[in-house]
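Worksheet for the structure shown next.
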């Protein structure tokens, strides 16, 4: 069964703190995506990770992929309120035919 | 580049009526389009995959006679919710993938359509 699990599902943190969101998946894949969703909005693409060891950074967010461990992480550095949103990882198990989404991590950054 | 639009952005309809949602790739040719459904505070669930000129492939548990998908051109796919009921109320999101978009590995998501059935 193709499964993608994120944890935590909900994260409340103070501004300035660091934290990591984890994304585990069940079957071999080397294509993993991170998205942000604001309330009432669609998905905004954050990162596309296409190989083992891939690391990408944008601002206070950094994503990495370990295909051997079937694990991706989204690290938040010195969080700010504007990062409050729901973050989804998604895995392409079938070479571009479909994405399987994790359950999402709802992040609240308190000022 | 790689912009996907949806219309309408929100719609309210009465139970028993049908609603059509359009998904367009504005600046690239979408060989494949995907339709997702999202309930409040939940993740996205793939409903169906459609390839231009062929029948859509529906995920298990999705009624193909209720959710009619047409992908008649390389820039347009439509989802028609037939005989809508309140339980069909949801956020419907399409995405598109094509060889002429920015990356063949990416799906580009539309802004979503919020359907409320009364």
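Chains as they are written, first to last, in the numbering used here: chain A, 8 to 118; chain B, 3 to 120.
Glycine is no exception: its CB is placed at the ideal position from the N, C-alpha and C atoms.
The model shown is predicted, which means the values in this text are computed figures rather than measured ones.
query                                                                                                          : result
Helix, strand or coil at residue 73 (chain B) according to DSSP, with G and I counted as helix                 : strand
Nearest-angstrom beta carbon gap, residue 44 (chain A) and residue 109 (chain A) [assumed within contact, 8 Å] : About 12 Å separates the two Cβ atoms, so there is no contact after all.
7 Å Cβ cutoff, residue 113 (chain B) in contact with chain A                                                   : yes
Residue 98 (chain A) vs residue 32 (chain A) beta-carbon contact at 7 Å                                        : yes
Cβ-based burial, residue 22 (chain A) [other Cβ within 10 Å; buried from 16]                                   : exposed
Member of B:18, B:27, B:109, B:22 whose CA lies at the smallest distance from the CA of residue 75 (chain B)   : B:27
The region 31 to 42 of chain B / the region 81 to 88 of chain A touching (three or more Cβ pairs under 8 Å)    : no
Nearest candidate by alpha-carbon position, reference residue 86 (chain B), set B:12, B:21, B:8                : B:21
Where residue 23 (chain B) falls, given that 16 or more other Cβ within 10 Å makes a residue buried            : buried
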